[in-house]
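When you line the sequence shown up against the numbering used here, it's residues 645 to 965, in that order. The block underneath contains the structure these notes are about, expressed in structure tokens.
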Amino acid sequence: MENVIREKLAERAKNIRLYLHAYAFHLNMRYERILPEDLLDIAHQHHLSGVKVHVEDGESFSLRNMRPEQLVSFKKKAEQYGLDIHIETSASDKKTLDEAIAIAQATDATSVRFYPRYEGHLNSVLEKITQDIAYLAQFDNSGIQFTIEQHEDLKGHELVTLVKNSGMKNLSILFDFGNMINANEEPMAALRTMSPYITQVHIKDAKVIKEGKGWGHEACRTGLGDLPVEQMLRELLLLGDDQPQVTSFGLEEEVDYYAPAFRFDDEGDNPWIPWRDASFTPLPDNELVDARLAQEKEHAISQVEFIRNLCAKFINIKQPA
Numbered sequence: 645m646e647n648v649i650r651e652k653l654a655e656r657a658k659n660i661r662l663y664l665h666a667y668a669f670h671l672n673m674r675y676e677r678i679l680p681e682d683l684l685d686i687a688h689q690h691h692l693s694g695v696k697v698h699v700e701d702g703e704s705f706s707l708r709n710m711r712p713e714q715l716v717s718f719k720k721k722a723e724q725y726g727l728d729i730h731i732e733t734s735a736s737d738k739k740t741l742d743e744a745i746a747i748a749q750a751t752d753a754t755s756v757r758f759y760p761r762y763e764g765h766l767n768s769v770l771e772k773i774t775q776d777i778a779y780l781a782q783f784d785n786s787g788i789q790f791t792i793e794q795h796e797d798l799k800g801h802e803l804v805t806l807v808k809n810s811g812m813k814n815l816s817i818l819f820d821f822g823n824m825i826n827a828n829e830e831p832m833a834a835l836r837t838m839s840p841y842i843t844q845v846h847i848k849d850a851k852v853i854k855e856g857k858g859w860g861h862e863a864c865r866t867g868l869g870d871l872p873v874e875q876m877l878r879e880l881l882l883l884g885d886d887q888p889q890v891t892s893f894g895l896e897e898e899v900d901y902y903a904p905a906f907r908f909d910d911e912g913d914n915p916w917i918p919w920r921d922a923s924f925t926p927l928p929d930n931e932l933v934d935a936r937l938a939q940e941k942e943h944a945i946s947q948v949e950f951i952r953n954l955c956a957k958f959i960n961i962k963q964p965a
């Protein structure tokens, strides 16, 4: 049995589908030094499978602000490179979903990722998300795969319930390597809770920060944090029997990104979920901008190499004598 697992892991690692996540260039895109079409060039240069692009990445040059002919140009460039496009957005209300779906259709994207951002007691927040997903269900046969990300405030079992109860065949979970920390969950336990429904991944590492009776995290260079990156990658690669269950691994190196604790040991059955803005990385001081943007590029490419080295390790694990 152990040999079968090793062979399966090696095969999955050899054929892993790595995606360049725009958040790896978050600061460069906020300063408009790197734009959505540039991400396609970088992904092509590093032989990746596709890109994950937020509708706001690139500021005034973002997908959200592109004219129809510009979206067509973006689509055609991706096609020329043989790259898959995933669209991401940071809410789950009707207006936000409509915008992301329209952009996905205009660019021939295969996937839309969203996550809810509501304030209120947990039960009322879950009800609002349920209503949002009920609206989304009309697009279940659109040819687009939808993923809801576990994004710092909801626990794994809550997301599983939302997906199971949706009745949608094309809704699944996007698993982030660090976001369970803020929901007061352990990485491996959260992964295993959500594992039957995980089809996409954001890879990053983070320092875990104790905050009262909860935990925050600060993203860091992959391999230098507190997360069991190798173990998580291994288990995710092994999901699925005959075919890989996880179809995309997004490379999301977000050094210095910080997120506070949202869930706590003593919160009770119906805790208050506070409002939060969409995630972002702090901007550097003006005199440090150029150096920080160059550093961000180096970090992003280093993460590609780090994950490929882990995959090479999985491929070359020796069989027992």
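We put the beta carbon where it would ideally sit given N, CA and C, even for glycine.
{"query": "Three-state secondary structure assigned by DSSP to Lys738", "result": "helix"}
{"query": "Proximal residues to Leu818 (C-beta, below 6 Å), its chain only, five neighbours per side dropped", "result": "Arg757, Thr791, Glu793, Gln844"}
{"query": "Neighbourhood of Arg708 by C-beta distance below 8 Å, restricted to the same chain and skipping five residues each side", "result": "Val699, Glu700, Glu743, Ile747"}
{"query": "Of the listed residues Tyr759, Gln714, Lys808, nearest to Asp737 (C-alpha basis)", "result": "Tyr759"}
{"query": "Rounded separation between His943 and Trp919 - CA only", "result": "30 Å"}
{"query": "For Phe758, the first and last residue of its enclosing alpha helix (DSSP H)", "result": "Careful: Phe758 lies outside any alpha helix (DSSP H), inside the beta strand (DSSP E) at 755 to 758."}
{"query": "CA-to-CA distance, Glu862 to Tyr902, given in whole angstroms", "result": "4 Å"}
{"query": "Status (buried if at least 16 other CB within 10 Å, exposed otherwise) for Ser706", "result": "buried"}
{"query": "Helix, strand or coil at Thr791 according to DSSP, with G and I counted as helix", "result": "strand"}
{"query": "Limits of the alpha helix (DSSP H) - the one that Ile951 falls within", "result": "933 to 960"}
{"query": "N-terminal and C-terminal residue of the beta strand (DSSP E) that Glu911 is part of", "result": "Counting along the chain, Glu911 falls outside any beta strand (DSSP E), and DSSP gives it neither H nor E."}
{"query": "Counterpart residues of Lys696 in DSSP-defined beta bridges", "result": "His665, His730"}
{"query": "Complete alpha helix (DSSP H) runs within the stretch 790 to 842 (minimum length 4 residues, chain order)", "result": "800 to 810, 831 to 838"}
{"query": "Proximity to Ser816 [Cα-Cα], best of Val804, Glu681, Ala827", "result": "Val804"}
{"query": "At least 3 beta-carbon pairs within less than 8 Å: the stretch 769 to 778 vs the stretch 713 to 732", "result": "no"}
{"query": "Beta bridge counterpart(s) of Ala903 as assigned by DSSP", "result": "His861"}
{"query": "Ala965, buried or exposed, once every other Cβ within 10 Å from all chains shown has been counted against 16", "result": "With a pLDDT of only 46 at Ala965, under 50, the local geometry of the prediction cannot be trusted, and the value read off the model is given with reservation. Burial call: exposed."}
{"query": "C-alpha gap between Gly787 and Ile745, whole angstroms", "result": "11 Å"}
{"query": "Cβ distance (whole Å) where Ile847 is taken to contact Gly894 below 8 Å", "result": "6 Å"}
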